[in-house]
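Chemist:
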Amino acid sequence: MREDDMQVSVEATGTLERKMTVAVPAERVDQEVQKRLQSLSRTANLPGFRPGKVPAKVVASKYGPKVRQEVVDEVTRSSFYEALSAEKLQPAGLPIFEPAPSAESESLEYTATFEVFPEVELASFDGVTIEVPSAEITEADIDGMIEKMRRQRVEWEEVARPAEKEDQLVVDFIGTVDGEKFEGGEGRNVTLVLGSSTFIPGFEDQLIGASKGDERTVNVTFPEPYQAAELAGKEAQFTVTVQSVSEAKLPEVDEDFAKNFAIDSLDELRGELRKSMQYELDQALKGKTKQAVMDMLFEKNPLDLPKSLVDDEINALMNQMKNNLKNQGVAVEALELDGKMYEDQARRRVTLSLLISEIVKANGIKASPEKIRETVDSVASTYDTPDEVVKWYYEDRERLGQIESVVLEELVVDWVLDKIQVEKSPTTFEALMERSNKQ
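1016 is the number of the first residue of the sequence shown in my numbering; add one for each residue after it.
1. With distances taken between CB atoms, is the gap from Leu1222 to Ala1178 smaller than 9 Å?
2. Are Val1205 and Thr1232 close, meaning C-beta to C-beta below 9 Å?
3. Quick one: give me the first and last residue of the alpha helix (DSSP H) that Gln1306 is part of.
4. Determine whether the beta carbon atoms of Ala1247 and Pro1238 lie at a separation below 9 Å.
5. Helix, strand or coil: how does DSSP classify Gln1242 here?
6. Between the beta-carbon of Leu1061 and the beta-carbon of Lys1077, is there less than 9 Å?
7. Confirm, please, whether the CB-CB distance from Ser1226 to Val1257 is below 9 Å.
8. Please classify Tyr1125 as buried or exposed, where buried requires at least 16 neighbouring CB atoms within 10 angstroms.
9. So the alpha helix (DSSP H) Gln1105 belongs to, where does it begin and stop?
10. Using the Cα positions of Ala1446 and Glu1195, report the straight-line distance between them to the nearest angstrom.
11. Do the region 1101-1108 and the region 1129-1149 touch if we need at least three Cβ pairs shorter than 8 Å?
12. Using CA atoms only, rank isn't needed, just tell me which of Tyr1398, Thr1058, Val1308, Gly1286 is closest to Glu1146.
13. Does DSSP put Arg1203 in a helix, a strand or coil?
14. Can you give me the C-alpha to C-alpha distance between Gly1286 and Thr1153, rounded to a whole angstrom?
15. Would you say the beta carbon of Asp1229 is closer than 8 Å to some non-hydrogen atom of the ligand FMN?
16. Is it the case that the Cβ atoms of Pro1070 and Thr1058 are separated by a distance below 9 Å?
17. Cα separation between Glu1172 and Ser1261?
18. What is the DSSP secondary structure of Pro1148, counted as helix, strand or coil?
19. Between Leu1296 and Leu1209, what straight-line distance do the alpha-carbon atoms span, to the nearest angstrom?
20. Start and end of the beta strand (DSSP E) containing Gly1190?
21. Do Gly1224 and Val1235 have their beta-carbon atoms positioned less than 9 Å apart in this structure?
22. Per DSSP, what kind of secondary structure is Ala1059 in: helix, strand or coil?
23. Would you kindly report the start and end of the unbroken beta strand (DSSP E) that includes Lys1180?
24. So for Val1257, helix, strand or coil by DSSP?
25. Reducing DSSP to helix, strand and coil, say where Arg1231 ends up.
26. Taking the alpha carbon of Lys1381 as the reference point, which residue from Val1422, Lys1249, Asp1187 has its own alpha carbon closest?
27. Would the region 1329-1341 and the region 1369-1376 be scored as touching if the rule is three or more Cβ pairs under 8 Å?
28. Any contact between the region 1312-1321 and the region 1337-1351? By contact I mean 3 or more CB pairs, one from each, below 8 Å.
29. Quick check: Lys1303 and Ser1420, are their CB atoms within less than 9 Å of each other?
30. Taking Met1035 and Val1044 to be in contact with their CB atoms under 8 Å, please state how far apart those CB atoms are, rounded to whole angstroms.
31. Give me the DSSP bridge partner(s) of Asp1111.
32. According to DSSP, is Pro1384 part of a helix, a strand, or is it coil?
33. If you draw a straight line from the C-alpha of Glu1047 to the C-alpha of Val1086, how long is it?
34. Considering only residues of the region 1338-1396, which uninterrupted alpha helix (DSSP H) runs meet the minimum length of 4 residues and lie entirely inside it, listed in chain order?
35. Return the first residue and the last residue of the alpha helix (DSSP H) that Phe1155 is part of.
36. Quick check on Leu1123: does DSSP put it in helix, strand or coil?
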């Protein structure tokens, strides 16, 4: 049946909510029901009748209600989309049908309530300036990386002197809160490096100057928030016994040091480090630039958002958090997350998704197969078996679609950068990487 066989009216019941009433001619349902019953009568196999010779009334009596409900469901679905097309509406999320279409009704009339996507009209980029960091790899940065590599190969040598910052201690401790022991407050032969900030703030500082065999009382206050909520903000007292004090012995930076990394010389090691660090720097600068562009788009283009899309994004974020916790060994079965905690992030993600889609559509931006392959190769190069990673992406359309989305976002960022002013804010490699790692 054609769309003009239906009667359709649309009422705006909110900024984005629409109530669409659809009346479908009864003949459309009746004709399809009769068609299906006739088909059944030619194939039905019922006791007392020869195959294909079952009277129409018997077929209608046995199968009629079920067939009619199937037809009503299908016609409801198809007529809904026909009406959307006729009214040029794009729903965001699933509709709610009232009343629920029933086979018992002689006519098919229903109301579908749903949200539509907002109209997206980008704000002007005239006079817009964003600030992005700039940095370069210096010899001092390479020296700093080599120092980190030395510390990764540190050896500890016990010393007979009071402990200093950066020394390694082996300690026993017993902690109390309000004079009572608490779970996790006791340890034996625990290793800690003074100044590493692995213990509660203030704990390590109070052990500076302690020698082997010393017993010290350490007073601290648990931070807020704290993973053990019952301890957050409470004062605690630890009795700490020092079992040993050791100082770091770092390897010399020489040819032998380079060979530990399968590299023949220090010059070659520095060259390889520069290449690796440059890649990290480029990725960090790219990420910061993208973030600055997205921040600007979000700030300058507030949108009314369909609640259904925001709710879906909140659920996706909560599931992502649960999966992350599960991978860390946390039991998440009984974990209840508060969706409100994720609402701001969800609204930002939905807004940016709509803005990016509009820019892509309005400007004919496309992710070429070559650009997609280039991005896949770049991702794969960070793994030990890049060929297998490339194959993994290309054998699944959904995974490749994720890469395509990344490419489109990058192309949108480039498009926006051509329209605005960019100010460079000088920083250092170390500072930039530290900020990137915290995010």
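Each residue gets a CB set at the ideal place from its N, CA and C atoms; glycine is no exception.
Computed from a predicted model, the values in this text were never measured in an experiment.
Modeler: So, from the listed chains and residues:
1. Start at 1 with the first residue of the sequence shown, and residue 1222 comes out as number 207. Start at 1 with the first residue of the sequence shown, and residue 1178 comes out as number 163. Cβ atoms of Leu1222 and Ala1178: closer than 9 Å.
2. Reading the sequence shown from its first residue, position 190 is the one you call residue 1205. Reading the sequence shown from its first residue, position 217 is the one you call residue 1232. Cβ atoms of Val1205 and Thr1232: not closer than 9 Å.
3. Indexing the sequence shown from 1 puts residue 1306 at position 291. Where Gln1306 is concerned, the enclosing alpha helix (DSSP H) stretches over 1281-1315.
4. Taking the first residue of the sequence shown as position 1, residue 1247 is located at position 232. Taking the first residue of the sequence shown as position 1, residue 1238 is located at position 223. Against a cut-off of 9 Å, the Cβ pair of Pro1238 and Ala1247 comes out as a contact.
5. Stepping through the sequence shown from its first residue, residue 1242 is reached at position 227. Coil.
6. Translated into positions along the sequence shown, residue 1061 becomes position 46. Translated into positions along the sequence shown, residue 1077 becomes position 62. Yes, these two residues count as a Cβ contact at 9 Å.
7. The sequence position of residue 1257 within the sequence shown is 242, counting from 1. The sequence position of residue 1226 within the sequence shown is 211, counting from 1. Their beta carbons are under 9 Å apart, which means Val1257 touches Ser1226 by this criterion.
8. Here the question's residue 1125 lines up with position 110 in the sequence shown. Buried.
9. What you label residue 1105 is simply residue 90 of the sequence shown in a count that begins at 1. First-last for Gln1105: undefined, no H or E at that position.
10. Counting from one through the sequence shown, the residue named residue 1446 turns up at place 431. Counting from one through the sequence shown, the residue named residue 1195 turns up at place 180. One C-alpha to the other measures close to 43 Å.
11. yes
12. As a working mapping, residue 1146 is identified with position 131 in the sequence shown. Measuring from the Cα of Glu1146, the nearest candidate turns out to be Val1308.
13. Mapped onto the sequence shown, residue 1203 falls at position 188. Arg1203 falls in the strand class under three-state DSSP.
14. Reading the sequence shown from its first residue, position 271 is the one you call residue 1286. Reading the sequence shown from its first residue, position 138 is the one you call residue 1153. So the alpha carbons of these two residues sit roughly 12 Å apart.
15. Within the structure as shown, the ligand FMN is missing, as the structure has no ligands at all.
16. Here residue 1070 is taken as the residue at index 55 of the sequence shown, counted from 1. Here residue 1058 is taken as the residue at index 43 of the sequence shown, counted from 1. No.
17. The sequence position of residue 1172 within the sequence shown is 157, counting from 1. The sequence position of residue 1261 within the sequence shown is 246, counting from 1. Glu1172 and Ser1261: Cα-Cα distance of roughly 5 Å.
18. On the sequence shown, position 133 is the one that residue 1148 refers to. DSSP places Pro1148 in strand when its eight states are reduced to three.
19. Here residue 1296 refers to the residue found at position 281 of the sequence shown. Here residue 1209 refers to the residue found at position 194 of the sequence shown. C-alpha separation (whole angstroms): 30 Å.
20. Mapped onto the sequence shown, residue 1190 falls at position 175. Run containing Gly1190: 1183-1192, per the beta strand (DSSP E) assignment.
21. Reading the sequence shown from its first residue, position 220 is the one you call residue 1235. Reading the sequence shown from its first residue, position 209 is the one you call residue 1224. No; because the gap between Cβ atoms is not below 9 Å, this pair is not in contact.
22. Along the sequence shown, one-based indexing puts residue 1059 at 44. Residue state, collapsed to three classes: coil.
23. Along the sequence shown, one-based indexing puts residue 1180 at 165. Element bounds for Lys1180: n/a, residue is neither H nor E.
24. Start at 1 with the first residue of the sequence shown, and residue 1257 comes out as number 242. Here Val1257 sits in strand by DSSP.
25. Reading the sequence shown from its first residue, position 216 is the one you call residue 1231. In this structure, Arg1231 counts as strand in the three-state DSSP scheme.
26. Here residue 1381 is taken as the residue at index 366 of the sequence shown, counted from 1. Comparing Cα positions, the closest option is Val1422.
27. no
28. no
29. Indexing the sequence shown from 1 puts residue 1303 at position 288. Indexing the sequence shown from 1 puts residue 1420 at position 405. Contact flag unset, no.
30. Within the sequence shown, numbered from 1, the residue matching residue 1035 stands at position 20. Within the sequence shown, numbered from 1, the residue matching residue 1044 stands at position 29. Not really, about 19 Å apart at Cβ, beyond 8 Å.
31. Within the sequence shown, numbered from 1, the residue matching residue 1111 stands at position 96. The amino acid occupying residue 1111 in the given sequence is Ile; Asp does not appear at that position. Bridge partners of Ile1111: Thr1128.
32. By one-based count along the sequence shown, residue 1384 stands at place 369. Pro1384 falls in the helix class under three-state DSSP.
33. Here residue 1047 is taken as the residue at index 32 of the sequence shown, counted from 1. Here residue 1086 is taken as the residue at index 71 of the sequence shown, counted from 1. Spanning the two alpha carbons is a distance of roughly 7 Å.
34. 1358-1378, 1384-1395
35. In the sequence shown, residue 1155 corresponds to position 140, counting from 1. Note on identity: in this sequence residue 1155 is Ala, with Phe being the wrong assignment. Its alpha helix (DSSP H) spans residues 1154-1167.
36. By one-based count along the sequence shown, residue 1123 stands at place 108. Reduced to three states, the DSSP call for Leu1123 is strand.
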